[in-house]
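The structure appears right after this line, and notes come after that.
Number of protein chains: 2
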Amino acid sequence: MSSRRVTMADVARRAGVSRTAASFVLSGRTDMRIAEATQKRIHQAARELGYRPNLTARSLRTSVTSTFALISDTIATTAYAGQVIHGALDAATAQGRVLLVAETQGDPVAEARLVEGMLDRQVDGFVYAAMFTHEVTPPSALRNHPVVLLNCLADDFPAASVIPDEYAAGCLAAQTLLGAGHREGIYVLGGRHAIPETPSGVFAGRERVSGIETVLSSAGVRLAGVVECDWQPQDGYRELRELLSRHRPRALICCNDRLALGAYQALAEVSLSVPQDVSVISFDDSDLASWLRPRLTSIALPHYDLGRRAVELLLSDQLAPVRHRIPMPLRLRASVAPITSAPGSQQAVRER
Amino acid sequence: MSSRRVTMADVARRAGVSRTAASFVLSGRTDMRIAEATQKRIHQAARELGYRPNLTARSLRTSVTSTFALISDTIATTAYAGQVIHGALDAATAQGRVLLVAETQGDPVAEARLVEGMLDRQVDGFVYAAMFTHEVTPPSALRNHPVVLLNCLADDFPAASVIPDEYAAGCLAAQTLLGAGHREGIYVLGGRHAIPETPSGVFAGRERVSGIETVLSSAGVRLAGVVECDWQPQDGYRELRELLSRHRPRALICCNDRLALGAYQALAEVSLSVPQDVSVISFDDSDLASWLRPRLTSIALPHYDLGRRAVELLLSDQLAPVRHRIPMPLRLRASVAPITSAPGSQQAVRER
DNA sequence: CTGAAAGCGCTAACAA
DNA sequence: TTGTTAGCGCTTTCAG
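Top line first, the protein sequences correspond to chains A and B.
So the first sequence is residues 87 to 438, counted in the numbering used here.
So the second sequence is residues 87 to 438, counted in the numbering used here.
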C-alpha cells in the first residue's frame, strides 16, 4: 500500500558507502571496525530515510526468522490460560522474537497441517503446549527441530518440558493446613480425578494427592478421605453434600477453585461457615478464588511462568529432555484459619 | 537441524522439467496449460522428495506473507478473551493464513515497537484489538496498511471495526424481563460504569442502559433504578446490600456476571432467593454464569465471533470504515422466572 | 576499512 | 508448452 519501502541500498547510496558497510552497521555488528564517522553517517541516512530492514529478505538469507510457533491443543480457548500466551509473548518480545500462535483442537490432521505450515515458514522453534498437564505425542515432523513441551510430557520424544510442580504444591497444601493446626477431618475433594474417562486420574491429581499424603503422614496425620470425582463446580457441590450427610470435615483440600466454589455452595446450605467450621484450600488460583466470600486460599497454577519459561528455554537452547518444574505459589486468603476449640459450632456463613 | 530441505529445483530436476513448470504446477496455477502428464510427474516428484515450499522465499518474491498480526492491549491476558484469539485463528487457518500475536500492555512505546516488528516481517494485515470496547488511537504507522479494529473504535482512523452489539443486548435483557412479566422493581446494577475513573461510563454500559431504557419505556415501564459502580464482584455485593437496605427489587439486570456473583452473595445474606424473589439477568456469559446456583441467565459477549469476523474482514478486504455489530446471544438459564404473585416471601435460597 | 559479487528459494516476464 | 533469466532485499565471503 505504501509507495515503496526504503531498502538498504537506498541508505548506502545516501550515506555514500557500500551496501556491505551499511549492512554491517545496520545489523549492529562490530567486528568489521568501521570508522566511527562512517557509522554515524549510515545511521543518520537510515533515520532520515526511515529505513526498516526487510526481515523476510534477511530470513531467506540467514534462515533464521526470529519467530517461534506456539502450538497448543486448545490453550487459547481455556480461561486464564491466555496467561500462558502472555508469558511466552513477554519472553519472546524481550529478545526481539515474535510468536506465531496456533491451535489444533486436538485433531492430529489439523495438527500436522499446522506444523507443516510453520515449518514452511521456517520458524526457529516450537512451543508445544497442552491445556492441562498430560502425556502427548507430538508429530514426528517436530523431531528434528527445537521443541519445548509446555504443560505436557512425552516419554519418547526428546524435548525439554515445562510443567507445574504439582507434587510440591500438594506438599504445600498439606503444610498450610498443618500449620493452621489441622490434624483431623482433612478431606481431598476431587482426588486424582479418577473417573471412568480417566481411571488412573490425571497428572495434577496424582501428584497433588501424593504430595499431600507424604507430608501428612510424615507428620503422623491421616487423611480422613479422598473423594474421587470430576473437577467441576457441580461435582464439588454434589460430592460434598453427600460427604456432609455422613461426616463432619474440618478442612477441605479442593483440587481446583471450581470444586471449591461447589464446596462453598454445599457448606452454605448446611450452614457451615468458612473458615470457622471448615478451612478450605484449593489449587489454581483463578479469578474465582478472590471473588468468593470468604476469599479462597489457593495454590496458583503458574500459567505465566510456564509460558515464559518455555520460550526462555528455546531462546537459550536448553533443549535437553529435562522436566523443568515450575513452582506453584500459595495465595493465602481468608478461607484457612487456625483451628478453633470446639468442632461443630453450627453457625450461618458469616460476612467477609 | 535437518540436513537440507528439498527445494523446488530438486523437484524440477527429478521430474525432468524446468523450475518454471514446477513453480506453476506446485503453486496450483492452471493458466499456463501444462500437460496433464507433466503435472503428474511433477507432483509425484514432489511427493517422493517430500517437497515443501519455502514460504520465506515466496514472500520475498511476492511480498505477501499469508500472515496477519493480532495486536492487542492485553487481550491474551484476560480470561475468556482467549476466545477472541480462537475465533481469529479459525478464520485465518481456514484460509491458510497464520497469526502473529502480540500484546502492548497499553504501552504506546511497546506498541510502536511491536507494530514495526510486524511491518518488518511484512505481515499482510492487522487486527488491532482491545480488551473491552473503547475508543483507541492506533499508531499512525498502521494507516497505510489493512487494519480491522476489534472491540474498539477509532474515530479518526479509517478502518472497519467489529464490536459487540451492546445496544441490542440491552434491549434483549429488557425484553426478557418483560416477557417474564416484570414491570416493577427493575434495577440495573453496574449501570454505565460511571465511576470517577470513567465519569461518562464505558461504551458497553452506555449502550446497554440505553437499550434497556428504550425497550422498557416503550412498554410503559419505568426502571426503578440504575446503580452506577465498578463492575467487580465486591461492587455488586456492596451496592446491592446498600440497595436492599432501602428497597425491594424484583428483578436485577447486572452489567456482567461478576456483578451478578456479588449480587447472589448479597441476596443470599438477606435470604432472598433467585429467581423466586428476585430475577437476575446478566451480561457476558462467562463460565461463572453456569457455575452459579441457580445458573445465571446471561447475554453472551461474542468473543469468538468478534475474532473470527475481524479476520474474515481482513481476508475479504472489507476495510471500509464501518462498524460491524456482532449479535450477543441470550443464554437463558434458571435465574429468571415468571413473576409470582406475592412479592416478598422471605425464604432461604433454594437448591438448584 | 571498502566494494564487487554470489546466492538464499522462489516467481514471473519473456523468448523460444 | 517449456526454458532462460532476472530479480525480491539482504548477508557474507573475498579481494582490494
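For every residue, glycine included, the Cβ atom is placed at its ideal position computed from N, Cα and C.
Residues near residue i in its chain [Cβ-Cβ closer than 7 Å; skip 5 each side]
i	result
GLN351 (chain A)	TYR323
GLY256 (chain B)	GLU293, ARG294, VAL295, SER296, GLY297 and ILE298
PRO244 (chain A)	PRO407
ALA196 (chain B)	THR190
ASP176 (chain B)	ARG394
HIS172 (chain A)	TYR390 and GLY393
VAL209 (chain A)	THR151, THR153, PHE154, ALA155 and LEU186
THR300 (chain A)	CYS257
GLN320 (chain A)	GLY348
GLY182 (chain B)	SER152
PRO251 (chain A)	The residue you asked about is not Pro; residue 251 (chain A) is Asp in the sequence shown. Excluding positions up to five away in sequence, the list reads ARG411, ILE412, PRO413 and MET414.
TYR253 (chain B)	GLU293, SER296 and GLY297
Beta-carbon contacts of residue i that lie in its chain and below 8 Å, excluding the five residues immediately before and after
i	result
ARG138 (chain B)	ARG91 and VAL92
VAL97 (chain B)	ALA108, LEU112, ILE128, ALA131, ALA132, LEU135 and TYR137
PRO232 (chain B)	ASP210, GLY211, PHE212, LEU400, ASP403 and LEU405
ARG381 (chain A)	ALA375, ARG419, ALA420 and SER421
ALA423 (chain A)	ALA266, PRO361, GLN362 and SER365
GLN261 (chain B)	VAL301
PRO429 (chain B)	Since pLDDT at PRO429 (chain B) reaches only 48, below the 50 mark, its modelled position is unreliable, and the value read off the structure follows with that caveat. Around PRO429 (chain B): GLY271, ARG334, ARG336 and ASP363.
VAL288 (chain B)	PHE218, THR219, HIS220, ARG278 and HIS279
Cα-Cα separation, residue i to residue j
i	j	result
ARG199 (chain A)	GLY168 (chain A)	23 Å
ASP373 (chain A)	LEU258 (chain A)	20 Å
GLU355 (chain B)	LEU400 (chain B)	50 Å
PRO285 (chain B)	PHE218 (chain A)	41 Å
LEU135 (chain B)	VAL111 (chain B)	16 Å
ARG105 (chain A)	THR151 (chain A)	22 Å
SER421 (chain A)	SER357 (chain A)	15 Å
GLN318 (chain B)	ARG115 (chain B)	56 Å
HIS220 (chain B)	SER247 (chain B)	11 Å
ASP343 (chain A)	SER384 (chain A)	7 Å
MET94 (chain A)	THR179 (chain B)	33 Å
GLN362 (chain B)	ARG334 (chain B)	13 Å
ASN237 (chain B)	ARG278 (chain B)	17 Å
LEU418 (chain B)	VAL360 (chain A)	31 Å
ALA346 (chain A)	THR164 (chain B)	22 Å
VAL364 (chain B)	GLU314 (chain B)	20 Å
ARG99 (chain B)	GLN125 (chain B)	14 Å
ILE397 (chain A)	VAL234 (chain A)	Checking the sequence, you will find Val at residue 397 (chain A) rather than Ile. One C-alpha to the other measures close to 8 Å.
SER303 (chain A)	LEU264 (chain A)	11 Å
LEU329 (chain B)	LEU353 (chain B)	11 Å
ALA174 (chain A)	ALA121 (chain A)	39 Å
LEU378 (chain A)	LEU378 (chain B)	11 Å
VAL201 (chain B)	ASN140 (chain A)	14 Å
SER331 (chain B)	ILE425 (chain A)	34 Å
Contacting residues, own chain, Cβ-Cβ under 6 Å from residue i (five flanking each side not counted)
i	result
ASP316 (chain B)	ILE281
ARG127 (chain B)	ALA101
ASP159 (chain A)	THR190, GLY192, ALA216 and MET217
PRO415 (chain A)	ALA386
Taking three-plus beta-carbon pairs below 8 Å as touching, is the segment 269-287 of chain B in contact with the segment 308-321 of chain B?
-> yes
Can you list, in chain order, the residues of the segment 197-213 of chain B whose Cβ is nearer than 9 Å to any Cβ on chain A?
-> ARG199, LEU200, GLU202, GLY203, MET204, LEU205, ASP206, ARG207 and GLN208
Going along the segment 337-348 of chain B in order, which residues come within less than 9 Å of chain A, judged by CB to CB distance?
-> ARG344, LEU347 and GLY348
Are the segment 225-233 of chain B and the segment 195-206 of chain B in contact at 8 Å, needing three or more beta carbon pairs?
-> Yes, the segment 225-233 of chain B touches the segment 195-206 of chain B.
Runs of alpha helix (DSSP H) lying entirely within the segment 345-426 of chain A, each at least 4 residues, in chain order | 373-377 and 389-401
Which runs of the beta strand (DSSP E) fall wholly inside the segment 203-243 of chain B and span at least 3 residues, in chain order?
-> 211-221 and 233-239
Could you tell me whether the segment 358-375 of chain B touches the segment 327-343 of chain B, using the rule of 3 or more Cβ pairs below 8 Å?
-> With a cut-off of 8 Å, the segment 327-343 of chain B and the segment 358-375 of chain B count as touching, because enough Cβ pairs lie within range.
Can you list, in chain order, the stretches of the beta strand (DSSP E) that have 3 or more residues and sit fully within the segment 127-175 of chain A?
-> 153-158
Please name the residues in the segment 356-376 of chain B whose beta-carbon is closer than 7 Å to at least one beta-carbon of chain A, in chain order.
-> Under the 7 Å Cβ criterion, the segment 356-376 of chain B contributes ASP373.
Residues within the segment 180-194 of chain B neighbouring chain A, beta-carbon criterion of under 7 Å = VAL184, LEU185, LEU186, VAL187, ALA188 and GLU189
Interface positions of the segment 286-297 of chain A facing chain B (Cβ-Cβ less than 8 Å), listed along the chain = none
Taking a cut of 8 Å between CB atoms, which residues from the segment 134-145 of chain A lie near chain B?
-> ARG138, PRO139, ASN140, LEU141, THR142, ALA143 and SER145
Can you list the alpha helix (DSSP H) stretches of 4 or more residues lying completely in the segment 283-350 of chain A, in chain order?
-> Segments of the alpha helix (DSSP H) lying fully in the segment 283-350 of chain A: 289-304 and 319-330.
Could you please tell me which residues of the segment 306-325 of chain A, in chain order, have their CB closer than 7 Å to any CB of chain B?
-> Residues PRO319.
Which residues, in chain order, does the segment 256-270 of chain A contribute to contact with chain B at a C-beta distance below 9 Å?
-> none
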